[in-house]
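K.L.:
One structure, as structure tokens, below. Some questions next.
Numbering (this note's numbering), first residue to last: 1335 to 1485.
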């Protein structure tokens, strides 16, 4: 996704039987931070998931959605993803990308972790690959702070 474009619909699957997949339009009350991640990615588990959890925990006024995607590597079962939510104390809703990374590709993600920050109008404000605290996460944190000052 390019900066300034309206967010396209996603193609996601639930990871549990009682989980409903929201529509992108369900997030127009506050900004949305999308995290594409993969459980086989060390940067996702070590830095990206904790960062996303911090955004949720600090309740800065941004909704967070995790999209587990697989553009390479083994397939994780729904049970494994549910266990990972407990193990990594994931505090945001997590959905599975359609097989072969349909949403990942449509949103032009560069790898995992990849972040997309959306404003209340569904417009892409930032699209960043990586979890380096002095680069991707710092830039993302600053953009979130800038965005939430105006809400």
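Cβ atoms here follow ideal geometry from the backbone N, Cα and C, with glycine treated the same way.
1. From the DSSP secondary-structure annotation, give me the bridge partner or partners of residue 1430.
2. For the beta strand (DSSP E) containing residue 1458, name the first residue and the last one.
3. Please classify residue 1424: is it buried, with 16 or more other beta-carbons within 10 angstroms of its beta-carbon, or exposed?
4. Specify the secondary structure class of residue 1385 as computed by DSSP and reduced to three states.
5. Rank 1438, 1451, 1427 and 1443 by C-alpha distance to the C-alpha of residue 1353 and give the top, closest one.
6. With burial defined as no fewer than 16 other Cβ atoms inside 10 Å of the residue's Cβ, what is the status of residue 1376: buried or exposed?
P.N.:
Working from what's here:
1. Bridge partners of residue 1430: 1347 and 1402.
2. For residue 1458, the uninterrupted beta strand (DSSP E) run begins and ends at 1458 to 1463, by DSSP.
3. In this structure residue 1424 is buried. Its beta-carbon is surrounded by 16 or more other beta-carbon atoms within 10 angstroms.
4. In the structure shown, residue 1385 sits in a helix (DSSP, three-state: H, G or I).
5. Of the candidates 1438, 1451, 1427 and 1443, the one whose C-alpha sits nearest the C-alpha of residue 1353 is 1427.
6. Exposed is the call here.
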